[in-house]
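Chains as they are written, first to last, in the numbering used here: chain A, 3 to 166; chain B, 3 to 166.
Protein chains: 2
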Amino acid sequence: MFSQASEYALRALTELARCEPEKWVLTGELAELLELPVHYLGKVLQNLARKGILESQRGRQGGFRLAAAAEEITVFDVVRELDDVRALETCVMGEASCSDETACPLHSLWKGIRDRFVKSLQSTTLKDLAAFQEQRPGSGRLSAVHPRLPQFRPAKPRRGSQGT
Amino acid sequence: MFSQASEYALRALTELARCEPEKWVLTGELAELLELPVHYLGKVLQNLARKGILESQRGRQGGFRLAAAAEEITVFDVVRELDDVRALETCVMGEASCSDETACPLHSLWKGIRDRFVKSLQSTTLKDLAAFQEQRPGSGRLSAVHPRLPQFRPAKPRRGSQGT
DNA sequence: TGTAAACAAGATAAGCATATCCTAATATCT
DNA sequence: AGATATTAGGATATGCTTATCTTGTTTACA
């Protein structure tokens with residue numbers, strides 16, 4: 003239905019909605035938890051940041067986070083930025099002139115279904131998605147992946163590779 | 003929603019359902035009436051013939067025609083052959099394990115809408131599409147395009163190009 | 001029997017989505 | 001200030017859909 007980019011985005015945003023709103027989350031953490039290609043997910047997140055749905059922070063302790071409260075971002079908001087949602091509005095049969103007045107044979111059918119779908123997407127927020135995932139058995143959690151690493155430094159040699 | 007190929011197919015098949023069932027119709031006629039790229043439409047029709055929805059006849063007086071009665075071919079039958087309809091069954095959020103038991107946050111919403119859509123496609127036949135078009139003002143008709151050309155031969159020179 | 005008409009099939013190409021990698025910019029920590 | 005971690009952005013590659021063109025194959029008709 004949606005592009006793979008939108009699917010990745012929805013899954014990542016759902017996870018972001020599950021942790022503390024202020025926390026910066028790494029692309030790598032999200033990719034690992036959701037088992038998605040890191041670099042491609044990075045592109046998607048960059049895109050969402052440009053569109054104002056995410057905020058990004060470069061450098062150490064950086065990452066991505068929601069630009070607004072989870073209950074204020076709808077599924078439709080997300081999909082609209084990544085997919086061409088206008089495609090849903092176009093004629094199912096690809097006719098150039100198909101409107102309420104001059105309808106193609108499938109127009110009313112498609113319009114009914116599409117409108118119901120869009121309304122649902124508009125009334126479903128990231129908070130809803132997150133809440134659903136909370137109650138789902140076996141759904142991993144972000145903080146569980148990297149539970150605030152205690153900044154361990156293994157006395158790493160600077161550059162002289164000592165083999166073992 | 004559908005691929006462009008499916009859209010082209012639906013429009014072409016609707017026209018085929020509007021003329022006498024036995025008549026062979028040319029790709030060129032369909033393309034001209036529907037204003038579609040001839041060669042590409044040809045590929046789509048070839049495909050449908052291979053899948054058993056159309057019959058094709060080579061040579062003079064050849065063309066394409068429906069392989070079954072228009073009331074026995076559903077929109078779903080057509081789309082299924084050209085698009086990967088299984089994509090409708092897969093999770094909207096792209097999750098690997100999303101079923102009735104282990105549902106993603108959008109599963110029940112999507113399932114309801116998708117099922118209603120598929121059922122509608124399965125209960126709409128080419129006859130229905132054709133009947134709708136009949137009553138539509140300004141919808142061209144195939145027989146009107148080439149009303150059985152009277153086999154006119156303009157005494158064409160064999161190979162010597164005579165300029166004007 | 002030959003020729004023209006028409007679909008069949010293959011090669012080719014553009015455009016987009018997906019995916020990866022590399023370098024640059026930037027923020028933090030020491 | 002310098003080293004390091006992290007996103008940003010550009011270049012590149014692959015595969016699918018759409019589209020066109022060319023050539024082959026089949027059929028009907030003269």
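Note that the Cβ used here is the ideal one computed from N, Cα and C, for glycine as well.
Residue from the options whose Cα sits closest to the Cα of residue i
{"i": "Y42 of chain B", "options": "B:T76, B:M3 and B:G30", "result": "B:G30"}
{"i": "S125 of chain A", "options": "A:E57, A:T76, A:P107 and A:C100", "result": "A:T76"}
{"i": "S122 of chain A", "options": "B:L108, B:D130 and B:G64", "result": "B:L108"}
{"i": "G140 of chain B", "options": "A:C100, A:D130, A:V120 and A:L38", "result": "A:C100"}
{"i": "L18 of chain B", "options": "B:G44, B:L128 and B:R52", "result": "B:L128"}
{"i": "F78 of chain B", "options": "B:W112, B:D102, B:N49 and B:V120", "result": "B:V120"}
{"i": "G61 of chain B", "options": "B:Q6, B:A98, B:L28 and B:A11", "result": "B:L28"}
{"i": "G64 of chain B", "options": "B:I55, B:K25, B:E97 and B:E83", "result": "B:K25"}
Coarse secondary structure for residue i, derived from DSSP in three states
{"i": "S8 of chain A", "result": "helix"}
{"i": "M3 of chain B", "result": "coil"}
heavy atom of the ligand NAD below 7 Å from residue i C-beta
{"i": "G44 of chain B", "result": "What this structure holds is no ligand at all, so the ligand NAD is not there to describe."}
Item to check | Continuous beta strand (DSSP E) assignments of at least 3 residues falling wholly in the region 11 to 70 of chain A | outcome: 56 to 59 and 65 to 68
Item to check | Cβ-based contacts, 8 Å cut-off: residues of the region 5 to 26 of chain A near chain B | outcome: Q6, E9, Y10, L12, R13 and T16
Item to check | Entirely enclosed beta strand (DSSP E) segments - the region 76 to 101 of chain B, minimum 3 residues | outcome: none
Checklist entry - Which residue spans inside the region 103 to 147 of chain A form an unbroken alpha helix (DSSP H) run of at least 4? => result 109 to 125, 128 to 136 and 144 to 147
Checklist entry - Taking any Cβ of chain A, which residues in the region 44 to 60 of chain B have a Cβ under 7 Å from it, in chain order? => result none
Checklist entry - Taking any Cβ of chain A, which residues in the region 118 to 141 of chain B have a Cβ under 9 Å from it, in chain order? => result R118, F119, S122, L123, T126, D130, L131, A132, A133, F134, Q135, R138, P139 and G140
Checklist entry - Got a sec: which bits of the region 27 to 42 of chain A sit with their beta carbon under 7 Å from any beta carbon on chain B, in order along the chain? => result none
Item to check | Contacting positions in the region 76 to 97 of chain A - beta carbon closer than 9 Å to chain B | outcome: V77, A89, L90, T92, C93, V94, M95, G96 and E97
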